[in-house]
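If you use UniProt numbering, the sequence shown closes out at 164, no skipped numbers anywhere.
Ideal placement from N, C-alpha and C gives every residue a C-beta, glycine not left out.
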Amino acid sequence: MNTPQNQSERSEITFRFLAEPAAVNFGGKVHGGSLMKWIDEVAYACAATWSGRYCVTVSVGNIHFHRPILVGNLVELRARIVATGRTSMHIHVSVHAGDPKWGELRQTTDCLMVFVAVDESNHPVSVPSFEPKTDEQKALAKYAMDVRAALGAIDAMKPGNATI
Numbered sequence: 001m002n003t004p005q006n007q008s009e010r011s012e013i014t015f016r017f018l019a020e021p022a023a024v025n026f027g028g029k030v031h032g033g034s035l036m037k038w039i040d041e042v043a044y045a046c047a048a049t050w051s052g053r054y055c056v057t058v059s060v061g062n063i064h065f066h067r068p069i070l071v072g073n074l075v076e077l078r079a080r081i082v083a084t085g086r087t088s089m090h091i092h093v094s095v096h097a098g099d100p101k102w103g104e105l106r107q108t109t110d111c112l113m114v115f116v117a118v119d120e121s122n123h124p125v126s127v128p129s130f131e132p133k134t135d136e137q138k139a140l141a142k143y144a145m146d147v148r149a150a151l152g153a154i155d156a157m158k159p160g161n162a163t164i
């Protein structure tokens with residue numbers, strides 16, 4: 001098995017496939033739930049590759065659906081580690097799709113996810129630290145931390161023990 005060795009190889013992963021009829025709604029567009037499942041799968045693969053551990057989804061945030069994905073489109077999901085905590089990994093997922101005959105894929109969706117690596121007893125374990133190097137990586141790391149801070153502020157507004 002080829003195991004990625006350096007940070008850039010381990011910090012991102014791409015899935016590509018055709019959108020099949022089973023994933024679409026009555027309008028011929030990929031159902032949002034199917035797309036969210038794919039996003040979770042590619043982000044999990046990214047987190048598990050980075051940490052070398054089983055990982056659990058902690059949050060999905062800031063998901064934006066820019067345009068629909070049609071049945072038969074080539075779909076590309078790219079997951080990248082953008083920041084790490086002691087046990088957590090912030091992952092940016094971008095989704096692009098288009099007619100495979102044209103070759104041009106356009107962005108359809110993007111979001112941020114947080115995963116935590118766990119041991120066999122389901123307790124959080126440390127993950128390797130990610131150090132952004134490129135301007136794009138630094139911008140995405142800042143974006144992830146800004147979103148985290150904003151979500152923390154929103155959580156603080158939640159009344160007492162309310163479940164929403």
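Exposure of F26 is indicated by the presence of fewer than 16 other C-beta atoms within 10 angstroms of its C-beta. For the options A43, L18, C55, the alpha carbon positioned closest to that of S121 is the one of C55. Under a 10 Å Cβ-count criterion, M145 is classified as exposed, with fewer than 16 other Cβ atoms of the shown protein chains found around its own Cβ. The three-state secondary structure of D135, taken from DSSP, is helix.
Apart from the 5 residues on each side of it in sequence, V114 sits with its Cβ closer than 6 Å to the Cβ of V58, S59, S88, H90 in its chain, given in chain order.
Taking a contact to require three or more Cβ pairs closer than 8 Å, the stretch 76-85 and the stretch 30-50 qualify as touching. The C-beta of F130 has 16 or more other C-beta atoms within 10 Å across all chains shown, which makes the residue buried. Within the DSSP bridge table, the entry for C55 names A117 as partners. DSSP places E12 within a strand segment (E or B) once states are collapsed to three. The Cβ atoms of Q107 and H123 do not sit closer than 7 Å to each other.
Rounded to the nearest whole angstrom, the C-alpha separation of R53 and V127 is 9 Å. Membership of I91 in the beta strand (DSSP E) is indicated by the continuous run 88-98. Using a Cβ distance threshold of 7 Å, V24 and V93 do not count as a contacting pair. Between D99 and E20, the alpha-carbon positions lie close to 13 Å from each other. Under the three-state reduction of DSSP output, I69 falls in the coil class, being neither helix nor strand. DSSP lists V118 as the bridge partner or partners of P124.
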